[in-house]
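J.: Okay, handing you the structure first.
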Amino acid sequence: MPATKQLTKGNEALAMGAVAGGCDCFFGYPITPQNEVPEVLSYEMPKRGRVFVQAESEVASINMVYGAAAAGKRAMTSSSSPGISLMMEGVSYIACAELPCLIVNVMRGGPGLGSITPSQGDYFQACKGGGHGDYHCIVLAPWNVQEMYEFPALGFELADRYRCPAMILADGVLGAMMEPATIRDDDAPPDVPEKPWATSGRNGRNHKNIVNSLVIEPYGLRDHNLKLQAKYAKMQCETRWDTRHTDDAEILLVAYGIAARLALSACKLARKQGVNAGLLRPITLYPFPSDAIVECAAGKKRVLVVELSSGQMVEDVRLAINGKVPVDFYGEMGGVIPSPADICRKIMEAVQ
Amino acid sequence: MNIAIEKQDGSPDADLKCVFERPQALSDKPFHYCPGCSHGTYHRLIAEMIDEFGLLDKTVGICPVGCAVFAYEYFETDMIEASHGRAPAVATGVKRSLPDRFVFTYQGDGDLAAIGMGEIIHAAARGERITVFFVNNGIFGMTGGQMAPTTLIGQKTTTSVDGRDPRTTGQPIRVCELLSSIEGVAYLARVPLTSPKNINTCRKYMRKAIRAQLEDVGLGLVEVLSPCPVQWGMKPGDALHHIDESVVKAFPPGEIVDRVSATAK
Amino acid sequence: MDLCQIHTDRCKGCELCVQFCPKHALEMSEGRNAAGYHPAVLTHPDLCNGCALCAEMCPETGIEIYRRQKRARHEAVDQG
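Chains A, B and C, in that order, give the protein sequences. According to our numbering, the first sequence is numbered sequentially starting from 1. According to our numbering, the second sequence is numbered sequentially starting from 1. According to our numbering, the third sequence is numbered sequentially starting from 1.
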């Protein structure tokens, strides 16, 4: 496939990745630090005959996504933490109605209006529901601009496969940073599965389709929930992760997104100081690579989880490891970004 | 007593011609609405219009949250159940995706005029080519008769037990008048569903609101003044009289905006 | 004679058809339908002129209207 390596900003790469991933419709509302996504799509989409609508709110955005996804289109929205909070009711409806769509969260510091600086404080919201009821989104965590470009297509593909919302959980650093990324030159549309369930007008169909998240009868709703849970169980095979320098490591770092970039630099610093540190990076945060973490942590002295939060993913790591290896945590909040040297110090403290 | 439409020998009576029957776009499922509620009437009129315009195959309807939450059961077209108040946003998503489809929302006054006011105003401002069927019965029916933005001054509800007091709860919102300043709106009309004559007027208004979409003029909305006999504590017939006597004073019927006739093809 | 056929199983007893029938051809039944309502019934079919006002007002779409075709109508008038 023809492609060129270009110096690209994370948010712009994500926007072009959405185009390449066959996004038919984008609906969004401005919020920092993700504004390049709607800005780029506001001209890239119409020029391809695709839909771009700047909505009046994130609430409207997610409900437009609901409508377009129900109509059988690849629909997405992009926002940042407070905007994603506003969308949560809609995400719950989309999950219950089993519609595929893509939601991008370029996380910023919270809680509240917080700050516009990078954070990873929305892990719980992304992975543990966020909205009401028992549901999950597939959650993808890119760590460089290349993945910001590639993950929209992956997100759409997984969302279509499982008829569920997929979320890209990025952060303000990934959105704003520039680095080389290989960007496709063409717009060849990806293969999109048939959607016979779509409410796109009957158009000769001998029955009507209904997109709905209301199941008023208790046993009916229980059965629908069991169906969703069976789907989430089936999704576990989509777990993705990456390991670096783990074979000879005495300490295993677990981190995702930009924290994983910092952690990898810290591992290299630690090795210079004689401590063999390795990194496991979850790429899918839901489904979570629990088995891979258990396997990788086996025989290590300690595990150190690094996040730009008060410690959210660390709970899943501890659940997975279940006391077999001591798990330490290092996090910064509010948009403060630890340096590799800061993390390296924590590695040294942990192994001593 | 049922009158058979067969002759005494059981053969169909060919002289009898059916002139009023269930529209094709309406499903067979009996409505769940309370006795005397006009939701069923409005559903039937929408189904008649879908038949009349030949839109069964290309319609996508969006249901509200409220009494009409099960509306997807009653139409034979593709249907989407929206979250409370967001039907115009959902309709925007569908219509922008599939511009050649006929997209309508069906919304009550809690759905449209309270929680969903932002969505309807901005859908109107964008001039979305959607048709909105709006039911104003001045109350939250499904949740048990609470005050709505459209509740009349002095009207008793379960959250205004001494009658709506404008000093603390404001005045009824007139949705059509509110939207009339927005140029993306192609058609706005209000009609009480209180008599056969008014129902026929409603049909005329609905045709224009549908044409507003089909002829690419803009957003069309028909507001019906509908009774809620149960939550108003009135017999169905008395509830209709109440609309004709009192409700129309706060919500004057008629065509408020008509940019459709001017662009008639 | 024209006909209004009431699907009594759909009737919820709101009485609007009775109130709007200009010929007073309809009445509410003493009996109940399966849902427990007293349904409307056409008690005076001879009075029904098929005007369809009852059907128009019925919120349940529970009434169908049949009219004699013109030829038959003339015959009926002649005989009457």
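Glycine is no exception: its CB is placed at the ideal position from the N, C-alpha and C atoms. These numbers come from a predicted model, not from an experiment.
Any C-beta of chain B sitting closer than 8 Å to the C-beta of Lys-195(A)?
T.: Cβ-Cβ to chain B under 8 Å: no for Lys-195(A).
J.: With a Cβ-Cβ cutoff of 8 Å, do Val-260(B) and Arg-203(B) count as a contact?
T.: It is not a contact, given that the beta carbons lie outside the stated cut-off.
J.: So, for Pro-165(A): in the same chain, excluding its five sequence neighbours on each side, which residues have a beta-carbon less than 8 Å away from its beta-carbon?
T.: Contacts found: Val-91, Ile-94, Ala-95, Leu-99, Pro-100, Cys-101, Leu-102, Ile-103, Cys-137, Ile-138 and Ala-159.
J.: Hey, could you find the ends of the beta strand (DSSP E) Gly-237(B) is sitting in?
T.: Segment 236 to 242 is the alpha helix (DSSP H) holding Gly-237(B); no beta strand (DSSP E) there.
J.: Starting from Glu-15(C), find everything on chain B with Cβ-Cβ shorter than 7 Å and list it in chain order.
T.: Those are Pro-236 and Gly-237, listed as they occur along chain B.
J.: Does the stretch 288 to 296 of chain A come close enough to the stretch 194 to 208 of chain A to have 3 or more Cβ pairs within less than 8 Å?
T.: Result no; under three Cβ-Cβ pairs closer than 8 Å.
J.: How is the beta strand (DSSP E) around Arg-68(C) delimited, first residue to last?
T.: Segment 63 to 68, the beta strand (DSSP E) holding Arg-68(C).
J.: Smallest Cα separation from Met-206(B): which of Arg-44(B), Ala-14(B) and Gly-163(B)?
T.: Nearest C-alpha to Met-206(B): Arg-44(B).
J.: For Met-206(B), write down the residues that DSSP places opposite it in a beta bridge.
T.: Bridge partners of Met-206(B): none, in fact.
J.: Under DSSP, the alpha helix (DSSP H) around Arg-240(A) begins and ends at which residues?
T.: Here Arg-240(A) belongs to no alpha helix (DSSP H), and DSSP marks it neither H nor E.
J.: In chain B, which residues lie with their C-beta within 8 Å of the C-beta of Met-64(A)?
T.: Residues of chain B passing the Cβ test: Ala-89, Val-90, Thr-92, Gly-93 and Arg-96.
J.: Name, going along the chain, the residues of the stretch 186 to 211 of chain A whose beta-carbon falls closer than 7 Å to a beta-carbon of chain B.
T.: Going along the stretch 186 to 211 of chain A in chain order, one finds Thr-199, Ser-200, Gly-201, Arg-202, Asn-203, Gly-204, Lys-208, Asn-209, Ile-210 and Val-211 with a Cβ nearer than 7 Å to chain B.
J.: Which residues share a DSSP beta bridge with Gln-107(B)?
T.: Partner(s): Phe-134(B).
J.: Suppose the cutoff is 8 Å on Cβ atoms and the five residues either side in sequence are ignored; what does the same chain contact list for Asp-186(A) look like?
T.: Within the same chain, Asp-186(A) has close Cβ partners Met-1 and Pro-2.
J.: Tell me which same chain residues have a C-beta within less than 7 Å of the C-beta of Val-230(B), skipping the five on either side of it?
T.: For Val-230(B), where only same-chain residues beyond five positions count, the Cβ hits under 7 Å are Cys-34.
J.: Enumerated in chain order, which unbroken segments of the beta strand (DSSP E) with a length of 3 residues or greater are wholly contained in the stretch 200 to 265 of chain A?
T.: For the stretch 200 to 265 of chain A, whole beta strand (DSSP E) runs of length 3 or above, ordered along the chain, are 241 to 244 and 251 to 254.
J.: Considering only the alpha carbon of each residue, which of Arg-222(A), Ala-260(A) and Gly-278(A) lies closest to Thr-249(A)?
T.: Position check: residue 249(A) holds Ala in this sequence, whereas Thr was assumed. The residue with the shortest Cα to Cα distance from Ala-249(A) is Gly-278(A).
J.: Using 10 angstroms around the beta-carbon of Met-167(A), count the other beta-carbons present and answer buried if the total reaches 16, otherwise exposed.
T.: Label assigned to Met-167(A): buried.
J.: Hey, is Val-69(B)'s beta-carbon within less than 8 Å of any beta-carbon in chain A?
T.: Yes, its Cβ sits closer than 8 Å to a Cβ of chain A.
J.: Have a look at Arg-32(C), Val-41(C), Ala-35(C) and Ile-63(C) and flag the residue whose alpha-carbon is nearest the alpha-carbon of Leu-26(C).
T.: Closest option to Leu-26(C), Cα to Cα, is Val-41(C).
J.: Is there a C-beta anywhere in chain B that falls below 8 Å from the one on Met-28(C)?
T.: With 8 Å as the cut-off, Met-28(C) does not count as an interface residue toward chain B.
J.: For a test of the three-state rule: what should DSSP assign to Asp-171(A), helix, strand or coil?
T.: In the structure shown, Asp-171(A) sits in a strand (DSSP, three-state: E or B).
J.: Does the beta-carbon of Ile-216(A) have 16 or more other beta-carbons within 10 angstroms, so that it is buried, or is it exposed?
T.: Classification of Ile-216(A): exposed, given that the 10 Å Cβ count is below 16.
J.: Return the first residue and the last residue of the alpha helix (DSSP H) that Leu-53(C) is part of.
T.: Counting along the chain, the alpha helix (DSSP H) containing Leu-53(C) begins and ends at 53 to 57.
J.: Which full runs of the alpha helix (DSSP H) of 4+ residues lie inside the stretch 38 to 125 of chain B, going along the chain?
T.: Listed in chain order, the complete alpha helix (DSSP H) runs (minimum 4 residues) inside the stretch 38 to 125 of chain B are 39 to 52, 87 to 97 and 117 to 125.
J.: Examine chain A for any beta-carbon lying closer than 8 Å to the beta-carbon of Thr-143(B), and answer yes or no.
T.: No - not a single Cβ of chain A is within 8 Å of the one on Thr-143(B).
J.: Check whether the Cβ of Cys-25(A) lies closer than 8 Å to any Cβ atom in chain B.
T.: Chain B, which has a Cβ nearer than 8 Å to the Cβ of Cys-25(A), makes this yes.
J.: Tell me which same chain residues have a C-beta within less than 6 Å of the C-beta of Cys-4(C), skipping the five on either side of it?
T.: Closer than 6 Å at Cβ, skipping near neighbours: Leu-42, Cys-48, Cys-54, Ile-63 and Ile-65.
J.: Would you mind telling me which residues of chain C sit closer than 7 Å to Gly-40(B), beta carbon to beta carbon, in chain order?
T.: Within 7 Å Cβ-Cβ: Pro-59, Glu-60 and Thr-61.
J.: Once you ignore the five residues that flank Ser-42(A) on each side, which residues in its own chain have a CB closer than 8 Å to its CB?
T.: The answer, listed in chain order, is Phe-52 and Gln-54.
J.: The alpha helix (DSSP H) that contains Leu-14(A), what's its start and end?
T.: It spans 10 to 20 - the alpha helix (DSSP H) in which Leu-14(A) sits, taken as one unbroken run.
J.: Determine the burial state of Gly-218(B): buried for a count of at least 16 other Cβ atoms within 10 Å of its Cβ, exposed for fewer.
T.: Gly-218(B) comes out buried.
J.: What are the residues that DSSP puts in a beta bridge with Lys-17(B)?
T.: For Lys-17(B), which the question treats as bridged, DSSP gives the partners Arg-67(C).
J.: Between the stretch 213 to 227 of chain A and chain B, which residues of the former have a C-beta closer than 9 Å to a C-beta of the latter?
T.: Going along the stretch 213 to 227 of chain A in chain order, one finds Ser-213, Leu-214 and Ile-216 with a Cβ nearer than 9 Å to chain B.
J.: Val-161(B): buried (16+ other C-beta within 10 angstroms of its C-beta) or exposed?
T.: That one is exposed.
J.: Can you give the Cα-Cα distance for Arg-302(A) and Ile-258(A), rounded to whole angstroms?
T.: The alpha-carbon atoms of Arg-302(A) and Ile-258(A) are separated by roughly 22 Å.
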